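Residues in the sequence shown are numbered from 6 upward in steps of one, following the numbering used here. All C-beta atoms in this analysis are idealised placements derived from N, C-alpha and C, irrespective of residue type, glycine included. From a predicted model like this one, the values you see are computed outputs, not experimental measurements. Beneath this line is the structure, given in structure tokens, with notes to follow.
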Amino acid sequence: MTLYALPGACSLASHIALEWVVAAEPAIEDQVRVVMMPRDTFPTPQFRAKVAVPTVPALETSDGAIITESLAVLLHITDRFPKAELGPRQGHYRDELHRLLSFMASTAHPSFQMLWRPERFSDDPVAHASIKRQAVTRLTRVFSHLDSALGDGEWLLGSKPSVADFYLFVLGRWGQRLDDATHNYPNCWRVTEALSRSAIVHRVLAREGITFCGPVAGLG
Ligand SMILES: N[C@@H](CCC(=O)N[C@@H](CS)C(=O)NCC(=O)O)C(=O)O
6 MTLYALPGAC
16 SLASHIALEW
26 VVAAEPAIED
36 QVRVVMMPRD
46 TFPTPQFRAK
56 VAVPTVPALE
66 TSDGAIITES
76 LAVLLHITDR
86 FPKAELGPRQ
96 GHYRDELHRL
106 LSFMASTAHP
116 SFQMLWRPER
126 FSDDPVAHAS
136 IKRQAVTRLT
146 RVFSHLDSAL
156 GDGEWLLGSK
166 PSVADFYLFV
176 LGRWGQRLDD
186 ATHNYPNCWR
196 VTEALSRSAI
206 VHRVLAREGI
216 TFCGPVAGLG
């Protein structure tokens with residue numbers, strides 16, 4: 006299986022998930038590959054030819070299928086490698102896993118895009134300031150919601166880290182650059198910081214050529 010990723014992008018959550026899997030099952034290390042692509046040449050013609058919607062994360066399975074969209078990629082990794090225990094398989098917490106991943110991918114992620122890539126929402130530069138203002142309001146709601154979803158729980162889905170926490174880590178890392186920064190949301194910050202201390206996450210950040218705090222340019 007091959008994961009295609011951009012440094013510090015939302016694909017970081019899937020990258021952490023795969024590294025978590027390898028830590029739980031070292032024997033499968035040879036079956037897992039991560040291709041880090043440079044941002045300045047993205048998407049290359051080869052990537053466009055392989056991936057119909059050329060975004061990351063993109064996961065190529067061992068039978069050659071391509072999966073895009075963070076929600077689909079993270080759930081595929083979770084279900085394909087149950088020993089790593091990256092998410093519940095059924096019951097209320099499984100529904101919560103779907104809900105939280107959907108919320109992060111379809112509400113939180115576009116809010117960051119509105120703030121940092123307003124030109125994708127309007128080709129009128131005059132509109133960009135207003136789009137950014139809306140983004141700031143949306144991001145406050147996003148982090149408030151995630152903070153209450155966590156409450157004083159250790160992780161989003163109880164006592165074990167799941168792929169939902171890995172996505173929260175990506176948002177929490179990006180959120181350090183907001184005026185209303187992630188550390189203003191104590192529960193989100195607790196999980197973000199806890200993952201930033203993990204040796205697995207250190208390995209992933211090093212492979213992506215980034216740190217917990219930077220770089221400051223781009224969605225990553
Ligand atoms: N809805 C998609 C969004 C994917 C997405 O926009 N990924 C960004 C990185 S955070 C990307 O590929 N950006 C490159 C580009 O749009 O050119 C998902 O949840 O995976």
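Should residue i be listed as close to ligand 1, given that the test is whether its C-beta is under 7 angstroms from any heavy atom?
i    : result
L23  : no
A4   : Outside the modelled stretch of the chain, which goes from 6 to 225, sits residue 4, for which no answer is possible.
L76  : yes
L11  : yes
P62  : yes
T73  : yes
H114 : yes
F174 : no
F47  : yes
Using only the alpha-carbon positions, how far apart do residue i and residue j sit?
i    : j    : result
L8   : V56  : 12 angstroms
T197 : G177 : 6 angstroms
S149 : E34  : 38 angstroms
S16  : V131 : 31 angstroms
A204 : A211 : 11 angstroms
L80  : A199 : 22 angstroms
I136 : M119 : 6 angstroms
F126 : P31  : 43 angstroms
P43  : R202 : 26 angstroms
R122 : L162 : 31 angstroms
A134 : F117 : 14 angstroms
V78  : G214 : 22 angstroms
D129 : P115 : 18 angstroms
M6   : V40  : 11 angstroms
G156 : P59  : 36 angstroms
P181 : V209 : First, the amino acid is wrong: residue 181 is Gln here, not Pro. For Q181 and V209, the distance between alpha carbons rounds to 19 angstroms.
Give the secondary structure of residue i by DSSP, where H, G and I count as helix, E and B as strand, and everything else as coil.
i    : result
Y172 : helix
Y98  : helix
R38  : strand
I215 : coil
A10  : strand
R122 : coil
A134 : helix
P48  : coil
If distances are taken between C-alpha atoms only, which option among the options comes closest to residue i?
i    : options                   : result
H20  : P59, D100 and A63         : A63
A29  : F108, S116, D129 and P87  : P87
D68  : Q36, R104 and S167        : Q36
S167 : R182, Y98, E74 and R44    : Y98
N192 : R202, F174 and R182       : F174
A89  : L23, S116, Q51 and A110   : L23
R143 : W160, A154, T112 and G156 : T112
A2   : C218, A154 and E124       : Nothing about residue 2 can be reported from this structure: the residues present for the chain run from 6 to 225 only.
A110 : F171, L183 and D184       : F171
R248 : E65, H207 and F108        : Lying before the first or after the last residue shown, residue 248 is absent from the chain, which here runs from 6 to 225.
R85  : G96, T145, M41 and V26    : V26
L76  : K165, T60 and L106        : L106
Run the proximity test for residue i: is its beta-carbon closer than 7 angstroms to any non-hydrogen atom belonging to ligand 3?
i    : result
A110 : This structure lacks ligand 3; the ligands present are ligand 1.
Can you check DSSP and say which residues form a bridge with residue i?
i    : result
G163 : W160
L64  : L8 and I72
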